[in-house]
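>
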Amino acid sequence: ALPAVIGNLNGVPYWARDQANRSAAQRAYARAEDALRTARDRYAKSVGTAAQRAAGHALGDALERRDQLKNFLAASRTSLNGVDGMARQVVSFDDGQPPLGAVSIGDLDSAD
Numbered sequence: 001a002l003p004a005v006i007g008n009l010n011g012v013p014y015w016a017r018d019q020a021n022r023s024a025a026q027r028a029y030a031r032a033e034d035a036l037r038t039a040r041d042r043y044a045k046s047v048g049t050a051a052q053r054a055a056g057h058a059l060g061d062a063l064e065r066r067d068q069l070k071n072f073l074a075a076s077r078t079s080l081n082g083v084d085g086m087a088r089q090v091v092s093f094d095d096g097q098p099p100l101g102a103v104s105i106g107d108l109d110s111a112d
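Reminder that position 80 of the sequence shown reads as 80 in the numbering used here, one-by-one numbering, no gaps.
(1) DSSP three-state call for Asp-94: helix, strand or coil?
(2) Which same chain residues, not among the five before or five after Arg-130, have their C-beta less than 8 Å away from its C-beta?
(3) Output the residue ranges of the alpha helix (DSSP H) runs that lie fully inside the segment 2-42 and measure 4 residues or longer, sorted by chain position.
(4) Tell me which residues share the same chain as Ala-102 and place their Cβ nearer than 6 Å to its Cβ, disregarding the 5 neighbours each side in the sequence.
(5) Per the DSSP calculation, Leu-59 is bridged to which residue(s)?
(6) Once you ignore the five residues that flank Leu-100 on each side, which residues in its own chain have a CB closer than 6 Å to its CB?
(7) Between the C-alpha atoms of Ala-24 and Arg-53, what's the straight-line distance to the nearest angstrom?
(8) Which value, in whole angstroms, describes the spacing of the CA atoms of Asn-21 and Pro-98?
(9) For Pro-13 and Ala-75, what's the separation of their Cα atoms in angstroms?
(10) Looking at the unbroken beta strand (DSSP E) that takes in Leu-100, where does it start and where does it end?
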């Protein structure tokens, strides 16, 4: 819970917010991976049309959630669409549905 507070708190240096938000996003991704594994297992073990349909919907939701977080983490990498070498800082992260955040290009702590 602490990284989520620090990562979105005004007045905290952007480098600290970046670290906290990356940590929170990585933990959310790990939870999404676990949920996806569980959903796959439940789908494989489901018996009957209604159970398979429900498990299939849950599997689709888990896959979508994992992919949303994977895409967010990819956007925060250093190299993106030809803008190489520019620092990126995860300025905010909200682990909602869908997960939302803001990624800056450049170091906000040293920006003029």
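Idealized CB from N, CA, C, for every residue including glycine.
In short, the structure shows the following:
(1) Taking the first residue of the sequence shown as 1, we reach residue 94 at position 94. Looking at Asp-94 - three-state DSSP - the assignment turns out to be strand.
(2) Any answer about residue 130 is impossible in this case: the structure gives the chain only from 1 up to 112.
(3) 2-7
(4) By one-based count along the sequence shown, residue 102 stands at place 102. Excluding residues within five positions, the ones whose Cβ falls inside 6 Å are Val-91 and Ser-92.
(5) Taking the sequence shown and counting its residues from 1, the one referred to as residue 59 is at position 59. None; Leu-59 has no bridge partner.
(6) To locate residue 100, count along the sequence shown from 1; it is residue 100. Excluding positions up to five away in sequence, the list reads Asp-94.
(7) Locating residue 24 in the sequence shown gives position 24, where the first residue counts as 1. Locating residue 53 in the sequence shown gives position 53, where the first residue counts as 1. So the alpha carbons of these two residues sit roughly 32 Å apart.
(8) By 1-based counting over the sequence shown, the position of residue 21 is 21. By 1-based counting over the sequence shown, the position of residue 98 is 98. When rounded, the distance between both Cα atoms is 16 Å.
(9) For the purposes of this step, residue 13 is taken as the residue at position 13 of the sequence shown. For the purposes of this step, residue 75 is taken as the residue at position 75 of the sequence shown. Their Cα atoms are separated by approximately 21 Å.
(10) On the sequence shown, position 100 is the one that residue 100 refers to. Looking at the DSSP string, the run of the beta strand (DSSP E) that includes Leu-100 is 100-105.
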